[in-house]
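**Q**
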Ligand code: F6P
Ligand code: MN
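Residue numbers (this note's numbering): 98 to 432.
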């Protein structure tokens, strides 16, 4: 394709280089990419297609679903259930897992996804995205249950996100670095545009929802106060702040030019140890961030090492440029 490398070519060549990657996996990733193209088209049409606004329902987390949340969830299922590569799917928008119906063949992988992350941004036409994580279905399991999904993030075969921004991008890792593809709308292909993305170790940009500051724990308050103090404070340099309220956009910015993102544990709602969900937000993003040379932690432990106990569990997330995240981890140790 006009001297550029398409997603399919890229994955096939990876597959030849690393025998751990099978043809079945390549086909699965193509199905996921197809789903992202369909969602991209729907997001892009917006009001023209009548897809903006609320769906009039709540998801498992008790959050109001947008029409596009529901549509995106259906698209991911529709593009993947019949192809024979998956044993089951699980999503932010479904309380229970979705085993592949008996009328279709079952494959050896599990797909966990957030169909439309940052969906509060849809109606205001700001970037949203799809996040996904691919796991192996445990050996010998014919009837997968939620328990089979509860694998630590270190077990992920692949993680990725699609960003529906000014251009649509797909960013993936299979454990050999992070590569970014841009959707060429004119031919309908994802094209390799951002090979081997690396997060700079240092940054002067932080992202946190500061409206929660009165609920933060002392190490987070200390870190942010030091950033805010700028040149005349202990850090002796000025910092800049960003908050898109769309984790995909936030992580993409960090992959592009560095930064630190925090959605820390706070005391706002003691029943929730964090805002973001481990299986389909924190784990895939942590895999990507680590593969790009960054760090991802709850402040107390590496996110990828957490043994999940629930499909929809929440965790504190602090990720991005190595030296800044390490500093926040250090502040947690000291407090
Ligand atoms: O799905 C969670 C999410 O939408 C993330 O994309 C984003 O980082 C966060 O929630 C925004 O939270 P808040 O509404 O508190 O700013
Ligand atoms: Mn989300």
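A virtual CB, placed ideally from N, CA and C, is assigned to each residue, including glycine.
(1) Just to check my reading of the structure: residue 287 and residue 267 have Cβ atoms closer than 8 Å, yes? What is that Cβ distance to the nearest angstrom?
(2) Got a sec, what are the start and stop residues for the alpha helix (DSSP H) residue 428 sits in?
(3) So, at 8 Å on beta carbons, what are the nonlocal neighbours of residue 154 in its own chain, with the 5 sequence-adjacent residues on each side left out?
(4) Check whether the Cβ of residue 375 sits closer than 7 Å to any heavy atom of the ligand F6P, and report yes or no.
(5) I'd like to know if the region 298–307 and the region 173–189 are in contact, where contact means that at least 3 CB-CB pairs between them fall below 8 Å.
(6) Only counting the same chain, and skipping five residues up and downstream in sequence, which positions put a Cβ closer than 6 Å to that of residue 401?
(7) Flag residue 344 as yes when its Cβ comes closer than 7 Å to any non-hydrogen atom of the ligand MN, and as no otherwise.
(8) Can you tell me which residues fall inside 5 Å of the ligand MN, judged by beta-carbon distance to its nearest heavy atom, and keep chain order?
(9) If we count the other Cβ atoms within 10 Å of its Cβ and call it buried at 16 or more, is residue 387 buried or exposed?
(10) Taking the continuous alpha helix (DSSP H) assigned at residue 146, which residues delimit it?
(11) Just checking: is the beta-carbon of residue 334 within a distance shorter than 8 Å of some beta-carbon in chain D?
(12) What are the uninterrupted segments assigned as alpha helix (DSSP H) that are 4 or more residues long and contained completely in the region 341–393, given in chain order?
(13) Taking only runs of the alpha helix (DSSP H) that begin and end inside the region 153–178, which ones reach a length of at least 4 residues, in chain order?
(14) Verify the contact flag: residue 360, CB atom, against every heavy atom of the ligand F6P, threshold strictly below 7 Å.
(15) What residues are listed by DSSP as bridge partners for residue 230?
(16) Could you check if residue 222 belongs to the surroundings of the ligand F6P, using beta carbon to heavy atom distance under 7 Å?
(17) Here's a check: name, in chain order, each residue in its chain whose Cβ is nearer than 6 Å to the Cβ of residue 169, leaving out the five neighbours to either side.
(18) Short check: CB of residue 209 to CB of residue 216, under 8 Å?
(19) Can you tell me which of the three DSSP states residue 305 falls into?
(20) CA-CA distance, residue 144 and residue 152?
(21) Does the contact criterion of 3 or more C-beta pairs under 8 Å hold for the region 292–301 versus the region 267–276?
(22) Tell me the DSSP secondary structure of residue 187 in three-state form.
(23) Could you spell out where the beta strand (DSSP E) holding residue 321 opens and where it closes?
(24) Return the CA-CA distance between residue 105 and residue 368, expressed in angstroms with no decimal places.
(25) Which residues in the same chain as residue 107 place their Cβ atom closer than 6 Å to its Cβ, once the five residues preceding and following it in sequence are excluded?
(26) Relative to the C-alpha of residue 371, which residue among 415, 311, 423 is closest?
(27) To which residues of the same chain is residue 385 closer than 6 Å at the C-beta, ignoring the five residues directly before and after it?
(28) Is residue 363 buried or exposed, if buried means 16 or more other CB atoms sit within 10 Å of its CB?
(29) Measure from the alpha carbon of residue 337 to the alpha carbon of each residue in 348, 300, 331, then state which is nearest.
(30) Would you give the residue range spanned by the alpha helix (DSSP H) that residue 245 belongs to?
(31) Under 7 Å: does the beta carbon of residue 217 sit that close to some heavy atom of the ligand F6P?
(32) May I ask you to report which of helix, strand or coil DSSP gives residue 276?
(33) Decide if residue 374 is buried, meaning its Cβ has at least 16 other Cβ atoms within 10 Å, or exposed.
**A** Considering the structure as presented:
(1) Taking the chain shown and counting its residues from 1, one reaches residue 287 at position 190. Taking the chain shown and counting its residues from 1, one reaches residue 267 at position 170. Yes, they are in contact, since the Cβ atoms of residue 287 and residue 267 sit about 5 Å apart, within 8 Å.
(2) What you label residue 428 is simply residue 331 of the chain shown in a count that begins at 1. Where residue 428 is concerned, the enclosing alpha helix (DSSP H) stretches over 419–431.
(3) To locate residue 154, count along the chain shown from 1; it is residue 57. For residue 154, where only same-chain residues beyond five positions count, the Cβ hits under 8 Å are 161, 162, 167.
(4) Reading the chain shown from its first residue, position 278 is the one you call residue 375. Because no heavy atom of the ligand F6P lies under 7 Å away, the Cβ of residue 375 does not count as near it: no.
(5) no
(6) Locating residue 401 in the chain shown gives position 304, where the first residue counts as 1. Result list for residue 401: 250, 251, 383, in chain order.
(7) For this step, residue 344 is matched to residue 247 along the chain shown. Indeed, a heavy atom of the ligand MN lies less than 7 Å from the Cβ.
(8) 211, 214
(9) Here residue 387 refers to the residue found at position 290 of the chain shown. Residue 387 should be labelled buried.
(10) Working through the chain shown from its first residue, we reach residue 146 at position 49. Premise fails: residue 146 is in no alpha helix (DSSP H) and is neither H nor E.
(11) The structure shown has no chain D; it contains just one protein chain.
(12) 344–354, 380–388
(13) 164–177
(14) In the chain shown, counting from the first residue as 1, residue 360 sits at position 263. Result yes, Cβ under 7 Å from the ligand F6P.
(15) Along the chain shown, one-based indexing puts residue 230 at 133. According to DSSP, which records beta bridges pairwise, residue 230 is partnered with 209, 256.
(16) Within the chain shown, numbered from 1, the residue matching residue 222 stands at position 125. Result no, Cβ not under 7 Å from the ligand F6P.
(17) To locate residue 169, count along the chain shown from 1; it is residue 72. Same-chain partners within the cutoff: 136, 212, 213.
(18) To locate residue 209, count along the chain shown from 1; it is residue 112. To locate residue 216, count along the chain shown from 1; it is residue 119. Contact: no.
(19) Your numbering for residue 305 matches position 208 in the chain shown. In the structure shown, residue 305 sits in a strand (DSSP, three-state: E or B).
(20) As a first step, residue 144 is located in the chain shown; it is residue number 47 there, counting from the start. As a first step, residue 152 is located in the chain shown; it is residue number 55 there, counting from the start. Each residue's alpha carbon lies about 14 Å from the other.
(21) yes
(22) In the chain shown, counting from the first residue as 1, residue 187 sits at position 90. If DSSP states are grouped into helix, strand and coil, residue 187 belongs with the strands.
(23) Here residue 321 is taken as the residue at index 224 of the chain shown, counted from 1. No beta strand (DSSP E) contains residue 321, which is instead part of the alpha helix (DSSP H) from 315–326.
(24) For the purposes of this step, residue 105 is taken as residue 8 along the chain shown, with counting starting at 1. For the purposes of this step, residue 368 is taken as residue 271 along the chain shown, with counting starting at 1. Using only the alpha carbons, I get a separation of about 43 Å.
(25) One-based indexing of the chain shown puts residue 107 at position 10. Hits under 6 Å: 289.
(26) Position 274 of the chain shown holds residue 371. Residue 371 has its Cα closest to that of 415, out of 415, 311, 423.
(27) Taking the chain shown and counting its residues from 1, the one referred to as residue 385 is at position 288. Same-chain partners within the cutoff: 256, 270, 275.
(28) Here the question's residue 363 lines up with position 266 in the chain shown. By the 10 Å Cβ count, residue 363 comes out buried.
(29) Here the question's residue 337 lines up with position 240 in the chain shown. Checked all of 348, 300, 331; the closest Cα to residue 337 is 300.
(30) On the chain shown, residue 245 is found 148 positions in, with the first residue counted as 1. Where residue 245 is concerned, the enclosing alpha helix (DSSP H) stretches over 243–246.
(31) Walking along the chain shown from the start, residue 217 turns up at place 120. Result yes, Cβ under 7 Å from the ligand F6P.
(32) Locating residue 276 in the chain shown gives position 179, where the first residue counts as 1. The answer is strand: DSSP assigns residue 276 an E or B state.
(33) One-based indexing of the chain shown puts residue 374 at position 277. Under this definition residue 374 is a buried residue.
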